[in-house]
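Enquirer: Numbering (my numbering), first residue to last: 2 to 500.
Just so it is clear, CB atoms sit at the ideal spot from N, CA and C, and this is done for glycine as well.
Bear in mind that the values here come from a model prediction, so they are computed numbers and not experimental data.
First the structure, which I've put down as structure tokens, then a few questions once you've had a look.
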Ligand code: NAD
């Protein structure tokens, strides 16, 4: 049985805590590796290593740091198939989707090649007589990222690429479910020329997370995961005086106006609702057709598409729409929520609960489920399901439809499908959600914009990637400098103003 340890100081390091977690192949249900879970002492050692490496890295000019990113992008492309295979084997998503996971991270590495430009400061010449004033962005020191299972390549890269390009050293604590790709990424960064110790991967569970949150050397923490843990990390990290940004769960609505192209809307819903088995924070989980006629037409188009979804292991190749859920626990949880929806009186139009995959009976597969007539008070409406379950909540009017995502506790993504520019414009202006799609079901911003939800989907002031990430991973120092003659005239007792 393979044992996975940590990656500290540029090399593989065995765990010493004696605690391990099982890493499963979700398609077969088999344990494929034992993952070492770090103790506080192991975290302390990694942080000390990072702190020592950070000083020289921060002093390396930004162009040279950017060249490491350039090379890293080349290496990601070189190893794309290998990375995707390792990712699918532990996560369960299809190979094309696994490549998408790597590519969306790679794009952030590409964005970080612009670090020399993004790190330029501000300068005012002659702010006063003989006085110049300038601001510079300096790295924070050692920073950390705690990431979820559902994008084991993309989200670690969203965190460490900007942090490292800014001159910080990084501690990555990835998900225990799929730890192989984060370690492969760290190896590639070393191959790309990153000095040892600047990027460290420390595997672990709550003990490792708490060690990060309490560690006085760690200056900032970026977290992505479920809302309950996001709130915990945010409050404990802030209380310890760190800069913290946490991105949490979601319940993304897609509003379908009566004038929308119904075929296009149904296709968009199937892709966005069931892709990656619904295990995406930007998955659409609630469709909101406006008017009974729209709702009936939508259900008529959706039901056969959901019944025809192709489910299978990633080894089946490109002809699979989605794979298994990540763990047996996740499978039971999602099926339990479907049972609950039936009990609550929602209409289960397509029931995927009894799906079984021949030859993969121990895998964590389930079929797509489609609920109609879901209402605001139901658990399946309030809870993030994170599985292949699409719920349809009918609305009588546009205002009723708008009210659903507006009053939901989550605020990650939302979409509207319409042919009317005025409706789309009103919607994008009024909606209280961080990322909005107009005839685009999964509006994940590209690397040079920023990604972040509102309400219970995001905690902290700045978003991920884009210009916000360079602000998050640096702090501003402002220098007021005077080179006058006559400093010897004596002390000034009045607060200086720029006359
Ligand atoms: P999770 O909250 O279970 O785990 C996330 C991280 O927190 C992992 O590294 C895990 O080890 C750690 N963790 C888990 N329990 C902990 C505890 N009790 N104390 C301290 N640390 C703990 O999330 P997950 O199941 O890996 O990921 C799925 C969730 O992530 C979904 O809710 C999804 O919406 C969310 N997500 C959000 C975004 C976003 O940008 N908003 C992106 C991807 C995923």
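1) Quick one: what does DSSP say residue 455 is sitting in, helix, strand or coil?
2) From 135, 433 and 199, pick the residue whose C-alpha is nearest to that of residue 124; which is it?
3) By a C-beta neighbour count over all protein chains shown, 10 Å radius and 16 as the cutoff for buried, is residue 55 buried or exposed?
4) Just to check my reading of the structure: residue 230 and residue 402 have Cβ atoms closer than 8 Å, yes? What is that Cβ distance to the nearest angstrom?
5) Can you round the beta-carbon distance between residue 107 and residue 220 to whole angstroms, since I take them to be within the 8 Å contact cut?
6) Please state the DSSP three-state secondary structure of residue 375.
7) Start and end of the alpha helix (DSSP H) containing residue 92?
8) So is residue 362 buried or exposed if we call it buried at 16+ other beta carbons inside 10 Å?
9) Which ranges does the alpha helix (DSSP H) cover as unbroken runs of at least 4 residues, wholly within the stretch 89–154, from first to last along the chain?
10) Indicate the three-state DSSP secondary structure (helix, strand or coil) for residue 434 in the structure shown.
11) Which residues bound the beta strand (DSSP E) around residue 31?
12) Can you tell me whether residue 381 sits near the ligand NAD, meaning its C-beta is under 6 Å from at least one heavy atom of the ligand?
13) Of the residues 168, 145 and 167, which one's Cα is nearest the Cα of residue 157?
14) Could you tell me the alpha carbon to alpha carbon distance between residue 159 and residue 64, rounded to whole angstroms?
15) Threshold first: 3 residues or longer. Then list the beta strand (DSSP E) segments lying entirely within the stretch 9–75, N to C.
16) Under the DSSP definition of a beta bridge, which residues are partnered with residue 288?
17) Counting pairs of Cβ atoms below 8 Å between the stretch 159–168 and the stretch 464–472, do you hit three or more?
18) Please report how far the alpha carbon of residue 309 lies from the alpha carbon of residue 384, in whole angstroms.
19) Taking only heavy atoms of the ligand NAD into account, decide whether any of them is closer than 6 Å to the Cβ of residue 434.
20) Within 10 Å of its beta-carbon, does residue 13 have 16 or more other beta-carbons around it, so buried, or fewer, so exposed?
21) Locate the alpha helix (DSSP H) running through residue 387, then write down its first and last residues.
22) Give the DSSP bridge partners of residue 411, in chain order.
23) Using the rule of at least 16 other Cβ atoms within 10 Å of the residue's Cβ for burial, across every protein chain shown, is residue 451 buried or exposed?
24) Let's test the definition: count the other Cβ atoms within 10 Å of the Cβ of residue 377 and tell me whether it reaches 16, buried, or not, exposed.
25) With a threshold of 8 Å on Cβ separation, who are the neighbours of residue 432 within its own chain once the five nearest residues in sequence on each side are excluded?
26) Report the option in 287, 424 and 35 whose CA atom is closest to the CA atom of residue 2.
Expert: So, from the data block:
1) In the three-state scheme derived from DSSP, where H, G and I count as helix and E and B as strand, residue 455 is classed as strand.
2) Considering only alpha carbons, the answer is 135.
3) If you draw a 10 Å sphere on the C-beta of residue 55, you find 16 or more other C-beta atoms in it, and that means buried.
4) 31 Å between Cβ atoms; not a contact.
5) About 26 Å separates the two Cβ atoms, so there is no contact after all.
6) Coil at residue 375, not helix or strand.
7) 81–92 is the extent of the alpha helix (DSSP H) around residue 92.
8) With fewer than 16 neighbouring CB atoms inside 10 Å of its own CB, residue 362 falls in the exposed class.
9) Here the runs fully enclosed are 96–113 and 116–119.
10) Coil at residue 434, not helix or strand.
11) Note, residue 31: beta strand (DSSP E), 31–37.
12) Outside the cutoff, so no.
13) The option with the nearest alpha carbon to residue 157 is 145.
14) Taking the Cα positions, residue 159 is about 20 Å away from residue 64.
15) Segments of the beta strand (DSSP E) lying fully in the stretch 9–75: 12–14, 21–26 and 31–37.
16) Paired residue(s): 255 and 393.
17) Output reads yes: the stretch 464–472 touches the stretch 159–168.
18) Cα-Cα distance, rounded: 26 Å.
19) Not under cutoff, so the answer is no.
20) Exposed, since its Cβ has fewer than 16 Cβ neighbours within 10 Å.
21) Looking at the DSSP string, residue 387 is not in any alpha helix (DSSP H), and its letter there is neither H nor E.
22) In the DSSP secondary-structure assignment, residue 411 is bridged to 456.
23) Residue 451 should be labelled buried.
24) Exposed is the label assigned to residue 377, since fewer than 16 other Cβ atoms lie within 10 Å of its Cβ.
25) Result list for residue 432: 403, 406, 407 and 415, in chain order.
26) Cα-wise, what sits closest to residue 2 is 35.
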